[in-house]
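Those letters in the sequence shown? Residues 1016 to 1349, per the numbering used here, in order. Idealized CB from N, CA, C, for every residue including glycine.
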Amino acid sequence: VKKYEIVRTILGERWNTAPHYTIKSAFAPTNIALCKYWGKRDEELNLPLTSSLSISLGSKGTTTELKISGKSDDEIYLNGGLMQNDSPFCQNLLEFLNLFRYEQTPRFIIHTNSNVPIAAGLASSASGFASIVLALDGLYDWQLSQDELSILARLGSGSACRSMWQGFVHWHAGIRSDGMDSHGESLRARWPEFCIGLLIFSESEKAIPSRVAMQRTITTSALYQAWPSKVSRDLAAIKQAIGNKDFQLLGKAAESNATTMHATMLSAWPPIIYSVPETLVAMQRIWELRNEGLQIYFTQDAGPNLKLLFLQRDIDNVLANFPSIEIIQPFAID
Ligand code: DP6
């Protein structure tokens, strides 16, 4: 398969060498797209039809520890609990890990700890795959570049390629069929006042995986043809907004990008709606607050939860209206 070829090309002479250490652990942040990745030009390599832009969530993410094991099978612990190797979670993880192992050796004891809700549209798979790639790079001492690590993470899940950096990350769609030009790039800009509020309505698994929803949207939605040009405009606006610290411009482009993505899904067949009634109630409240002058916007991924976007000066006001939110300040530390 094509994925193996990419891994072998990137690893070069390092392919199939023994690990350098017996245990290594790595952290990767989760990320939230302000301009979404929605649609692939290559299903196997997770090559996107458009570029996208995200913000990483600082200390929110996944730590994965890989330890070489003498046993005959891998052991996977998710947040401390041993998982069944035939569960979808383990199958997914092992399929990815096996890309990097010759005949699945060595076997590992894998501890993956996530401080974001799994599969609730909070991109825990992005930080998961990114942290596995970083842990492997450490364990084998490959010393790959950030761009190479980003490409490898993308093979696990598209959005994972943006979790290789903190701050704002631009994932360039690229044009090559092998995807060697499709990886993240850190924008390096800092915006210390930037806040994200996680408004969680449900931590349960999403009904339809984003990969399935994306594919269905491309193949059945009449609105999808408008998506690529919408992304170009929003991406340009968001980059400009970040450069000028123009929060209103950023909020408007990000929210409108998210609602447009969800509109393409609503027009797919069978239709897809990730929102629950509480999602819509919160949207209405956000629009009301904005009419009253509060600078608050939202974005939404493949799940019912909303991510609120606002500035530090409005924290008290936002909390008064949404007391349950968890606030993340991506630039507060480091
Ligand atoms: C709505 O990266 O999870 O969160 O590449 O199939 O694994 P696969 O998809 P994934 O899709 C993320 C979709 C999104 C938007 C985004 O993060 O850009």
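Shell residues, 5 Å Cβ cut-off relative to heavy atoms of the ligand DP6: With 5 Å as the limit, the residues whose C-beta approaches a heavy atom of the ligand DP6 more closely than that are Ala1048, Lys1051, Tyr1052, Asn1061, Ser1067, Ser1172, Gly1173, Ser1174, Ser1225, Arg1226, Asp1316 and Ala1317, in chain order.
Can you tell me where the beta strand (DSSP E) holding Val1184 begins and where it ends? From DSSP, the beta strand (DSSP E) with Val1184 extends over Phe1183 to Trp1186.
Would you kindly check if the distance between the Cβ of Arg1169 and the Cβ of Asn1061 is under 7 Å? Less than 7 Å separates the beta-carbon of Asn1061 from that of Arg1169.
What's the gap between the Cα of Pro1034 and the Cα of Ser1071? Rounded to whole angstroms, Pro1034 to Ser1071 spans 29 Å at the Cα level.
For Tyr1117, which residues in the same chain have their Cβ closer than 7 Å to its Cβ, ignoring the five residues on either side in sequence? So the list reads Asn1031, once near-sequence residues are dropped.
With DSSP run on the structure shown, which of helix, strand or coil describes Pro1034? If DSSP states are grouped into helix, strand and coil, Pro1034 belongs with coil.
Count the other C-beta atoms from every protein chain shown that fall within 10 angstroms of the C-beta of Lys1017, then say buried if there are 16 or more, exposed otherwise. Lys1017 should be labelled exposed.
Contact set for Ala1335: own chain, Cβ-Cβ below 8 Å, skip 5 residues either direction: For Ala1335, where only same-chain residues beyond five positions count, there are no Cβ hits under 8 Å.
Three-state secondary structure assigned by DSSP to Pro1063: Pro1063: strand per DSSP, three-state reduction.
Using the Cβ count rule (16 or more neighbours within 10 Å means buried), how would you classify Asn1259? So Asn1259 counts as exposed.
Measuring only from the beta carbon, is Ile1083 closer than 6 Å to any heavy atom that is part of the ligand FMN? Absence of the ligand FMN from the depicted structure is noted, with the ligand DP6 being the only ligands included.
Under the rule that 16 or more other beta-carbon atoms within 10 Å means buried, what is Val1131, buried or exposed? With 16 or more Cβ atoms within 10 Å of its Cβ, Val1131 is classed as buried.
Mind checking whether Ala1043 and Ser1178 have CB atoms under 7 Å apart? With respect to Ser1178, Ala1043 sits close: the two C-beta atoms are nearer than 7 Å.
Comparing C-alpha positions only, which one of Ser1172, Ser1217 and Lys1254 sits nearest to Val1184? Closest option to Val1184, Cα to Cα, is Lys1254.
Neighbourhood of Ile1353 by C-beta, 7 Å cutoff - its chain only, sequence neighbours within 5 removed: Because the chain in this structure spans residues 1016 to 1349, residue 1353 falls outside the shown range and cannot be described.
Ile1211 vs Ile1330 beta-carbon contact at 7 Å: Ile1211 places its beta carbon 7 Å or farther from that of Ile1330.
For the alpha helix (DSSP H) holding Tyr1019, just list the boundary residues, first then last. According to the DSSP assignment, Tyr1019 belongs to the alpha helix (DSSP H) that extends over Lys1017 to Leu1026.
For Pro1207, does the count of other Cβ atoms within 10 angstroms reach 16, so buried, or fall short, so exposed? Pro1207 comes out exposed.
Cβ-based neighbour list, Asp1261, same chain, cut-off 8 Å, excluding 5 preceding and 5 following: Taken in chain order, the residues that qualify are Gln1255.
DSSP three-state call for Arg1056: helix, strand or coil? Of the three classes helix, strand and coil, the one that applies to Arg1056 here is strand, per DSSP.
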